[in-house]
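Chains as they are written, first to last, in the working numbering: chain E, 70 to 188; chain L, 70 to 188; chain G, 70 to 188; chain P, 70 to 188.
There are 4 protein chains.
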Amino acid sequence: MDFNNQKPIFLQIYDLILERILNHELIENSRIASVREMASAMLVNPNTVQRAYSELQAKGILIQQRGIGYFIAPEARILALNIRKDEFIRVQLPILLHQMQTLGISWEEIQLLSSNPAL
Amino acid sequence: MDFNNQKPIFLQIYDLILERILNHELIENSRIASVREMASAMLVNPNTVQRAYSELQAKGILIQQRGIGYFIAPEARILALNIRKDEFIRVQLPILLHQMQTLGISWEEIQLLSSNPAL
Amino acid sequence: MDFNNQKPIFLQIYDLILERILNHELIENSRIASVREMASAMLVNPNTVQRAYSELQAKGILIQQRGIGYFIAPEARILALNIRKDEFIRVQLPILLHQMQTLGISWEEIQLLSSNPAL
Amino acid sequence: MDFNNQKPIFLQIYDLILERILNHELIENSRIASVREMASAMLVNPNTVQRAYSELQAKGILIQQRGIGYFIAPEARILALNIRKDEFIRVQLPILLHQMQTLGISWEEIQLLSSNPAL
DNA sequence: GTGGTCTAGACCACT
DNA sequence: GTGGTCTAGACCACG
Chain E
70 MDFNNQKPIF LQIYDLILER ILNHELIENS RIASVREMAS AMLVNPNTVQ RAYSELQAKG
130 ILIQQRGIGY FIAPEARILA LNIRKDEFIR VQLPILLHQM QTLGISWEEI QLLSSNPAL
Chain L
70 MDFNNQKPIF LQIYDLILER ILNHELIENS RIASVREMAS AMLVNPNTVQ RAYSELQAKG
130 ILIQQRGIGY FIAPEARILA LNIRKDEFIR VQLPILLHQM QTLGISWEEI QLLSSNPAL
Chain G
70 MDFNNQKPIF LQIYDLILER ILNHELIENS RIASVREMAS AMLVNPNTVQ RAYSELQAKG
130 ILIQQRGIGY FIAPEARILA LNIRKDEFIR VQLPILLHQM QTLGISWEEI QLLSSNPAL
Chain P
70 MDFNNQKPIF LQIYDLILER ILNHELIENS RIASVREMAS AMLVNPNTVQ RAYSELQAKG
130 ILIQQRGIGY FIAPEARILA LNIRKDEFIR VQLPILLHQM QTLGISWEEI QLLSSNPAL
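Next up, the structure:
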């Protein structure tokens with residue numbers, strides 16, 4: 070967690086969970102840490118975690134079981150992939166292309182820069 | 070101007086001016102519209118334009134001549150290019166690479182997607 | 070049982086039993102499954118079933134015979150009908166009427182929609 | 070506002086605004102009271118109003134203009150109507166039909182009850 | 001124990 | 001002034 074980031078903490082948590090699902094660190098159908106557990110693990114207020122969980126539930130990534138906790142949805146990974154991929158194509162790719170054009174950078178240059186170990 | 074965007078308006082103006090300099094729509098050494106002119110043209114609060122101009126001045130893109138107005142710096146275009154390129158390499162490229170990895174997208178796929186006319 | 074529903078599980082059980090009495094699936098004066106039996110049949114915490122039974126007992130639908138179990142009250146069906154009908158007229162009908170007014174839906178429209186086989 | 074209601078306050082506010090748009094009490098394109106104004110008018114915490122506004126924004130009913138406030142979206146009324154109508158057909162109508170069946174109530178009876186002035 | 005909501009009060013960026 | 005986020009702490013219903 071980066072508290073000095075401009076990105077809201079609840080979104081950082083949201084992204085972190087998405088990432089962990091993609092990484093297979095969080096397994097479908099398994100239970101995820103309770104709101105309170107996650108909050109104390111991340112040194113964050115439970116409300117903040119709650120908000121991240123709610124958004125994930127709204128997207129179908131998490132499923133709440135009353136009085137028990139949140140679970141990773143059976144189809145969470147594919148959903149997460151689609152959400153991320155969709156956002157990538159819809160938002161980030163156009164920006165990338167636009168920048169390449171105005172900055173006059175070619176695909177060759179980018180791939181060259183990408184092989185820089187410092188990244 | 071997209072006022073329903075999450076990007077601050079002053080940053081949108083900032084980017085717009087940078088863009089216009091790169092496009093040769095704004096010529097080095099020429100005068101740029103006054104804060105008030107720009108503000109009324111964009112239906113925006115003058116404070117907002119002021120902030121964009123100030124940031125551009127801090128980066129050396131604009132030069133203020135007291136009592137006269139703001140001018141495009143002689144070396145504005147090359148500066149603008151460097152600012153953008155630097156930010157691209159330092160910030161955006163690493164994110165891009167990370168996403169490609171977690172989403173399992175290859176350069177070939179990206180270039181394929183990029184040729185989509187909808188973008 | 071729909072555990073991903075916003076309706077509390079104990080209420081779902083409560084309604085289910087009422088429904089079965091109205092359907093003649095549960096017969097007056099007969100014994101209903103014990104709390105533990107019902108709980109394990111429904112994969113639910115016994116506390117949850119207990120609460121449903123208690124509410125039904127409070128309304129006179131179930132009768133507890135200590136050490137033996139719960140029984141469907143002799144007049145359970147008529148009671149259930151009245152409870153439901155009363156709640157319908159007191160609570161649901163006014164809401165329905167209000168919605169019809171603000172949404173501009175007429176009785177004819179509703180009856181038309183109702184004949185939709187998808188419902 | 071009914072603080073002793075089981076329905077969350079933020080949802081009550083959400084519904085109230087929807088209702089006012091349908092009633093033409095809130096006009097499209099006009100500004101709605103600021104979060105703080107609404108909060109003090111309703112004797113409620115600003116966070117609670119904030120949440121209601123956010124949900125309305127997510128549905129396209131409200132539009133935020135940075136630093137200025139929230140506005141009723143141009144197409145707010147039609148959107149509100151659709152949201153409500155959709156929910157009515159998807160959720161409430163099936164329940165109504167089901168109840169009519171189990172309670173043995175006919176359309177004639179309902180319309181008779183509906184003309185009761187006490188409602 | 002679980003999550004859901006609310007308040008009070010704070011700090012921030014933006015207009 | 002505006003909204004957005006966060007914390008701390010409380011209370012509630014549910015299992």
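Just so it is clear, CB atoms sit at the ideal spot from N, CA and C, and this is done for glycine as well.
No experiment lies behind these values; they were computed from the predicted model shown.
- Task: From the DSSP output, in three-state form, read off residue 112 of chain P for me.
- Result: Numbered from 1 along the fourth sequence, position 43 holds the residue referred to as residue 112 of chain P. Reduced to three states, the DSSP call for residue 112 of chain P is coil.
- Inspect the CB distances between the stretch 108–117 of chain L and the stretch 169–183 of chain E and report whether three or more fall short of 8 Å. Verdict: no, contact absent.
Margin query: Between which two residues does the alpha helix (DSSP H) holding residue 161 of chain E run?
Written below: Here residue 161 of chain E corresponds to residue number 92 of the first sequence, with the count starting at 1. Unbroken run through residue 161 of chain E: none, as it is neither H nor E.
- Task: Please confirm if the stretch 123–138 of chain G is in contact with the stretch 128–145 of chain P, defined as three or more CB-CB distances below 8 Å between the two stretches.
- Result: Touching, no.
(request) Would you kindly work out how many angstroms separate the C-alpha atoms of residue 121 of chain G and residue 80 of chain G, rounded to a whole number? (result) Position 52 of the third sequence holds residue 121 of chain G. Position 11 of the third sequence holds residue 80 of chain G. Between residue 121 of chain G and residue 80 of chain G, the C-alpha separation is close to 6 Å.
(request) Would you verify that the beta carbon of residue 158 of chain L is, or is not, closer than 8 Å to some beta carbon of chain E? (result) On the second sequence, residue 158 of chain L is found 89 positions in, with the first residue counted as 1. True, the Cβ-Cβ gap to chain E drops below 8 Å.
task: Output the distance between the C-alpha atoms of residue 103 of chain P and residue 138 of chain P, rounded to the nearest integer angstrom.
output: Within the fourth sequence, the letter at position 34 stands for residue 103 of chain P. Within the fourth sequence, the letter at position 69 stands for residue 138 of chain P. Approximately 6 Å between the Cα atoms of the pair.
Worksheet item: For residue 114 of chain E, which residues of its own chain have a beta-carbon under 8 Å away from its beta-carbon, when the five flanking residues on both sides are left out?
Response: Walking along the first sequence from the start, residue 114 of chain E turns up at place 45. Cβ neighbours of residue 114 of chain E within its own chain (closer than 8 Å, five residues either side excluded): 108.
**Prompt:** Should residue 88 of chain E be flagged as near chain L, meaning a C-beta pair shorter than 8 Å?
**Reply:** Within the first sequence, residue 88 of chain E is the residue found at index 19, counting from 1. Yes, contact with chain L.
(Q) Considering Cα atoms alone, identify which of E/135, E/149, E/71, E/73 is closest to residue 100 of chain E. (A) As a working mapping, residue 100 of chain E is identified with position 31 in the first sequence. Residue 100 of chain E has its Cα closest to that of E/135, out of E/135, E/149, E/71, E/73.
If the criterion is Cβ atoms closer than 8 Å, does the pair residue 125 of chain G and residue 86 of chain G meet it? By 1-based counting over the third sequence, the position of residue 125 of chain G is 56. By 1-based counting over the third sequence, the position of residue 86 of chain G is 17. Going by C-beta atoms, residue 125 of chain G is nearer than 8 Å to residue 86 of chain G.
I want to verify the contact list: residues of chain P whose CB lies under 9 Å from the CB of residue 81 of chain G, in sequence order. Position 12 of the third sequence, counted from the start, is the residue given in the question as residue 81 of chain G. What residue 81 of chain G touches in chain P: nothing, since even the nearest Cβ is about 13 Å away.
Counting only Cβ pairs nearer than 7 Å, list the residues of chain E close to residue 171 of chain L. Here residue 171 of chain L refers to the residue found at position 102 when the second sequence is read from its first residue. Simply 88, 91.
Just to confirm, is the Cβ distance from residue 82 of chain L to residue 141 of chain L under 8 Å?
The count along the second sequence starts at 1 and reaches residue 82 of chain L at position 13. The count along the second sequence starts at 1 and reaches residue 141 of chain L at position 72. 8 Å or more divides the Cβ of residue 82 of chain L from the Cβ of residue 141 of chain L.
Using CA coordinates, which residue listed in P/173, P/162, P/169, P/117 is at the minimum distance from residue 72 of chain P? The sequence position of residue 72 of chain P within the fourth sequence is 3, counting from 1. Measuring from the Cα of residue 72 of chain P, the nearest candidate turns out to be P/117.
By a C-beta neighbour count over all protein chains shown, 10 Å radius and 16 as the cutoff for buried, is residue 96 of chain L buried or exposed? By 1-based counting over the second sequence, the position of residue 96 of chain L is 27. Per the 10 Å Cβ criterion, exposed.
Whole-angstrom distance between residue 177 of chain E and residue 170 of chain L, CA atom to CA atom:
Numbered from its first residue, the second sequence carries residue 170 of chain L at position 101. Numbered from its first residue, the first sequence carries residue 177 of chain E at position 108. Using only the alpha carbons, I get a separation of about 19 Å.
From the beta carbon of residue 76 of chain E, is the nearest beta carbon of chain L less than 8 Å away?
The residue you call residue 76 of chain E lines up with position 7 of the first sequence. So no, residue 76 of chain E is outside the interface.
Original post:
Per DSSP, which one or two residues make a beta bridge with residue 148 of chain P?
Top reply: Sequence index remark: in the fourth sequence, residue 148 of chain P carries index 79 (1-based). Beta-bridge pairing links residue 148 of chain P to no other residue.
Checklist line | Distance between residue 164 of chain P and residue 157 of chain L (C-alpha atoms, nearest Å) | finding: Counting from 1 along the second sequence, the entry for residue 157 of chain L is found at position 88. Counting from 1 along the fourth sequence, the entry for residue 164 of chain P is found at position 95. Cα to Cα, residue 157 of chain L sits roughly 56 Å from residue 164 of chain P.
Do residue 172 of chain G and residue 105 of chain P come within 8 Å of each other at the CB atom, strictly closer than that value? As a first step, residue 105 of chain P must be located in the fourth sequence, where it is residue number 36. As a first step, residue 172 of chain G must be located in the third sequence, where it is residue number 103. Taking 8 Å as the Cβ cut-off, residue 105 of chain P and residue 172 of chain G do not qualify as a contacting pair.
- Pull up the DSSP beta-bridge partners for residue 138 of chain P, would you. In the fourth sequence, the residue the question calls residue 138 of chain P occupies position 69. According to DSSP, which records beta bridges pairwise, residue 138 of chain P is partnered with P/134.
Checklist entry - If contact means a Cβ-Cβ distance below 7 Å, which residues of the stretch 113–132 of chain L contact chain E? => result none
>> Using a Cβ-Cβ distance cut-off of 8 Å, determine whether residue 183 of chain E contacts chain L.
In response: In the first sequence, the residue the question calls residue 183 of chain E occupies position 114. Chain L contact via Cβ: present.
Quiz item: Using 8 Å as the limit for Cβ to Cβ distance, is residue 166 of chain P near chain G?
Solution: By 1-based counting over the fourth sequence, the position of residue 166 of chain P is 97. For residue 166 of chain P, the answer is yes, since a Cβ of chain G falls inside 8 Å of its Cβ.
Quick check on the DSSP output: the alpha helix (DSSP H) that includes residue 84 of chain E runs from which residue to which?
Numbered from 1 along the first sequence, position 15 holds the residue referred to as residue 84 of chain E. That run of the alpha helix (DSSP H) goes 78–91.
Would you please verify whether the beta carbon of residue 100 of chain E is less than 8 Å from any beta carbon of chain L? In the first sequence, the residue the question calls residue 100 of chain E occupies position 31. No - not a single Cβ of chain L is within 8 Å of the one on residue 100 of chain E.
#### Entry: Close-in-space but distant-in-sequence residues of the same chain around residue 174 of chain L (CB under 8 Å, 5 per side omitted)
For the purposes of this step, residue 174 of chain L is taken as the residue at position 105 of the second sequence. 168.
> So which residues on chain G does residue 148 of chain P lean against when the C-beta distance must stay under 7 Å?
Replying inline: One-based indexing of the fourth sequence puts residue 148 of chain P at position 79. Here the premise fails: no neighbours, minimum Cβ distance about 13 Å.
CA-to-CA distance, residue 149 of chain P to residue 159 of chain G, given in whole angstroms: Here residue 159 of chain G corresponds to residue number 90 of the third sequence, with the count starting at 1. Here residue 149 of chain P corresponds to residue number 80 of the fourth sequence, with the count starting at 1. Going by the C-alpha atoms only, they are around 27 Å apart.
Go to residue 75 of chain G, then tell me how far its alpha helix (DSSP H) extends in each direction, as first and last residue.
As a working note, residue 75 of chain G is residue 6 in the third sequence. If you look at residue 75 of chain G, you'll find it isn't in any alpha helix (DSSP H); DSSP assigns it neither H nor E.
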